[in-house]
Amino acid sequence: MRKEINLMANKETNNDQLIAHIIKGIEEVKGNDIDILDLREIENTVCDYFIICNGTSNTQVNAIVSSVQKTVSKSLKDKPWHIEGSDNAEWILMDYVNVVVHVFQKHIREYYDIESLWGDAKVTSIETKY
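Residue 64 is where the sequence shown starts when you use the working numbering, and the numbers rise one by one after that.
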């Protein structure tokens with residue numbers, strides 16, 4: 064039982080560190096409207112957290128994804144298990160297994176409105192200083 068609790072605590076610490084570095088990577092290139100959706104209390108979810116943000120162009124969306132990859136890789140020696148959507152850079156998904164990052168262009172984010180699809184999730188909005 065104690066070992067199980069330690070494993071859960073380590074997972075939480077790892078998630079917290081990963082999320083902090085993902086946010087840092089987004090902020091480095093001025094990603095907008097950053098939200099963290101906590102999915103842990105929802106049944107049958109594929110991960111623990113979604114991090115959602117948007118950029119103003121496909122160039123900025125690609126820059127956000129690149130910045131997140133570099134920040135996480137440099138700090139935690141971790142890389143995404145899978146990245147999808149890089150071709151047109153309207154919606155890029157970065158899968159870090161327990162944390163999935165969605166980087167949208169603003170109009171695509173508004174169209175899909177995935178926050179409302181996960182309405183039961185606890186949402187934390189990150190205040191940016193730019």
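By construction, the Cβ of each residue, glycine as well, lies at the ideal position given by its N, Cα and C atoms.
Exercise for review: Confirm, please, whether the CB-CB distance from Gly88 to Val135 is below 8 Å.
Suggested key: For the purposes of this step, residue 135 is taken as residue 72 along the sequence shown, with counting starting at 1. For the purposes of this step, residue 88 is taken as residue 25 along the sequence shown, with counting starting at 1. The answer is yes: Cβ separation under 8 Å.
Point to revise | Secondary structure of Asp101, DSSP reduced to three states | key: Taking the first residue of the sequence shown as 1, we reach residue 101 at position 38. If DSSP states are grouped into helix, strand and coil, Asp101 belongs with the strands.
Check your understanding: Hey, how far is the Cα of Asn161 from the Cα of Thr119?
Key -> As a first step, residue 161 is located in the sequence shown; it is residue number 98 there, counting from the start. As a first step, residue 119 is located in the sequence shown; it is residue number 56 there, counting from the start. Cα-Cα distance, rounded: 27 Å.
Exercise for review: Could you tell me the boundaries of the alpha helix (DSSP H) in which Glu190 lies?
Suggested key: As a working mapping, residue 190 is identified with position 127 in the sequence shown. Glu190 -> no alpha helix (DSSP H), and no H or E assigned at all.
Exercise for review: Taking all protein chains shown into account, decide if Val131 is buried (16 or more other Cβ within 10 angstroms of its Cβ) or exposed.
Suggested key: The residue given as residue 131 occupies position 68 in the sequence shown. The residue in question, Val131, is buried, as its Cβ has 16 or more Cβ neighbours within 10 Å.
Check your understanding: CB Asp101 to CB Ser188, shorter than 8 Å?
Key -> Your numbering for residue 101 matches position 38 in the sequence shown. Your numbering for residue 188 matches position 125 in the sequence shown. Against a cut-off of 8 Å, the Cβ pair of Ser188 and Asp101 comes out as no contact.
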